[in-house]
Amino acid sequence: MDLQELLFMFFGGLGIFLFGIKYLGDGLQKVAGDGLRDLLDRFTTNPIMGVFAGIFVTILLQTSTGTTVLTIGLVNAGFMTLKQAIGVIIGANIGTTATAFIIGIKISAYALPIIAVGTFLIFFFKNHKVNNYGQVFFGFGALFLGLNLMGDGLYPLRDLQAFTDLTISMSENPLLGVLIGTIFTVAVQSSSAAIGLLQTLFAQGAMDLNAALPVLFGDNIGTTITAVLAAIGASVAAKRAALTHVIFNVIGTVLVLILLVPFTRLVEFFRDSLNLNPEMTIAFAHGIFNVSNTLIQLPFIAVLAWIVIKIIPGQDSAISYKAVHLEERFIRQSPSIALGQGKKEVMRMAELSEKGIEEVSMYFKTQGKKHRELIPQYEDAINNLDKKITDYLIQVSSHSLTDDDSKTHSTLMHTIRDLERIGDHMENIMELVEYQITNKVTFSESAVSDLDEMFDLTLSTIRQAVKALDTGDIEEANAVLLKEEQIDKMERDLRKKHIMRLNENKCTGAAGVIYVDMVSNLERIGDHAVNIAEVVIGEDD
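Spelled out as structure tokens, the structure:
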């Protein structure tokens, strides 16, 4: 077998393995539903619960990095504190060992039949649930197929004197093994792939346990780099969560290197007592390392949080997703008071919509990354409140309401629908700006000036509609109707100007499409502002 064929097998196998991991994780997530964020929100009341939530979510996602990124988003959103997030990140480290144990089961001989089952479920059934299970099977089989190919590509290494010398050096100098494990994991951006490769080499007899364990510890450090890269230029909370992951794994590695001899003896004890195969021996070592590291550091979560806050000081803008005023006891005690609480929450939702439009406007004007990061958070917060308030108001409607309360209830139900749609248009505009930046599409000065003016008018209309909703002021509501007429007129005028620019070759076709879509979305936001104002006017009738 020549070198080219070996390289093709290794890198092709690595690609199939990484695809299998990703496809398996996506399939498991679909099978589990979209409640992973709710699960993390509900079961992270304390760090210990956070650890278990982190384990469960990571097993479903098949990536500790994915869990860390999801956790970062929840910290940003105000769903959980940094201490709770640390618990989830620690749990993610344990959860990621699941892949190593799956590999240790040694069912790689059945990789192709498993892929066949997955393909059958995907292509021969129209039921989405069955398709999702098919994706799980296909990813599971692809994982083992890729691992087999990688192993075949690396098998000749055991006969190379240079590789033999390297493994001897790693046995004598564990820090070298840690460095190699870290570098390889950073290179492939997957600790599961790095550990799977290590299990294969160990099973082939290419290295002994003394050389394999330091590489394993390095893999654990390398897996933190993805989160670090994701946190570059991100929020303070994201940086703190990423740093927590790094510190936790580095401390664990330092401790286990100090106790390397007894740790190795412990792994050998389990291997001999349970008659473990080589792949499962590495899986047990991985599991023992992460569980021990968790038990040692869990009592010091508050200290870890204090350290990362000191290293990365500053305040971060947190957008609170959680409903603040929706208490179910009010529904039972007084539906009228419950409606008042519902209105307070709707006003919070309206404020988020208003601030989201401000961020979109600033993103268009400055193309700043900070504004781009905040917009999806506002959209998620709006969607979350839409669901929570709607559920709350439905419960209220099951009780006897006065005529005035019924009108208020109807007003709130209509308003939250319009606010949710404003959030959708806000996200549409963000994507258009993103497309403009990515494809280096430029607008003429007059086009930019006109859009700036329309953004300002639309934002002013939203603010006045929210004010009218809050105060019930009919004059304010009527002023919104007048402003919306200005927006409609501006939309017609800007479309005419756009056509003139096209005829004069002052505008490209790509710029024109983005421009017209932005104008259309702003006009639709104005329509929803009018809907809110009309509900206020109708409520007074």
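Under the UniProt record's numbering, the residues of the sequence shown are numbered 1 to 541, in order. The beta carbon of each residue, even a glycine, is placed where N, CA and C say it ideally should be.
Comparing alpha carbon positions, the residue from 119, 143, 144, 142 closest to residue 132 is 119. In this structure residue 249 is buried. Its beta-carbon is surrounded by 16 or more other beta-carbon atoms within 10 angstroms. Residue 184 is positioned such that its CB atom lies closer than 8 angstroms to that of residue 194. Distance from the CA atom of residue 508 to the CA atom of residue 502, rounded to whole angstroms, is 7 angstroms. Collapsing the DSSP output to three states places residue 47 in a helix. With a cutoff of 8 angstroms on beta-carbon distance, residue 453 and residue 491 are scored as not near each other. For residue 408, the three-state secondary structure derived from DSSP is helix.
Within the same chain, and ignoring the five residues on either side of residue 346 in sequence, the residues whose Cβ sits closer than 7 angstroms to its Cβ are 389, 412, 415, 416. Its chain contains 146, 150, 188, 193 as the residues whose beta carbon lies nearer than 7 angstroms to that of residue 14, once the 5 sequence neighbours on both sides are disregarded; these appear in chain order. Distance from the Cα of residue 177 is smallest, within the candidate group 205, 209, 152, for 209. A contact is defined here as three or more CB-CB pairs under 8 angstroms, and the segment 94-114 fails this definition with respect to the segment 325-341. Around the Cβ of residue 483, a 10 Å sphere holds 16 or more other Cβ atoms; the residue is buried. The beta-carbon distance between residue 418 and residue 505, rounded to whole angstroms, is 40 angstroms. This is too long to meet the 8 angstroms contact definition. In the structure shown, residue 207 adopts coil according to DSSP, grouped into three states. Scanning its chain for C-beta atoms nearer than 7 angstroms, with the 5 sequence neighbours on each side dropped, one finds around residue 286 the residues 97, 100, 195, 216, in chain order.
Excluding sequence positions up to five before and after residue 296, its CB lies within less than 8 angstroms of the CB of 252, 255, all in the same chain and listed in chain order.
Membership of residue 357 in the alpha helix (DSSP H) is indicated by the continuous run 335-366.
Counting along the chain, no alpha helix (DSSP H) covers residue 106, and no H or E run does either.
Residue range 111-123 is occupied by the alpha helix (DSSP H) that includes residue 123. In the DSSP annotation of this structure, the continuous segment of the alpha helix (DSSP H) that includes residue 264 starts and ends at 260-274. It is roughly 29 angstroms from the alpha-carbon of residue 355 to the alpha-carbon of residue 405. Between the segment 494-501 and the segment 382-401, the count of C-beta pairs closer than 8 angstroms stays below three; the two stretches do not touch. By the neighbour-count criterion, in which a residue is buried when 16 or more other Cβ atoms sit within 10 angstroms of its Cβ, residue 299 is exposed.
DSSP places residue 525 within a helical segment (H, G or I) once states are collapsed to three. Counting of Cβ neighbours within 10 angstroms places residue 353 among the buried residues, the total reaching 16 or more. Using a Cβ distance threshold of 8 angstroms, residue 46 and residue 294 do not count as a contacting pair. Secondary structure of residue 441 (DSSP, three-state): coil.
Its Cα nearest to that of residue 278, the residue 199 stands out among 87, 222, 199.
Counted as a single uninterrupted DSSP element, the alpha helix (DSSP H) harbouring residue 289 occupies residues 278-297. Here residue 343 is buried, its C-beta having at least 16 other C-beta atoms within 10 Å. Counting other Cβ atoms within 10 Å of its Cβ, residue 265 stays below 16 and is therefore classed as exposed.
Residue 82 and residue 214 have their alpha carbons spaced roughly 30 angstroms apart. Shortest Cα-Cα distance from residue 58 to any of 5, 369, 144, 91 involves 91. Under the 10 Å beta carbon count, residue 128 is surrounded by fewer than 16 other beta carbons and is classified as exposed.
When DSSP states are grouped into helix, strand and coil, residue 505 belongs to the coil group.
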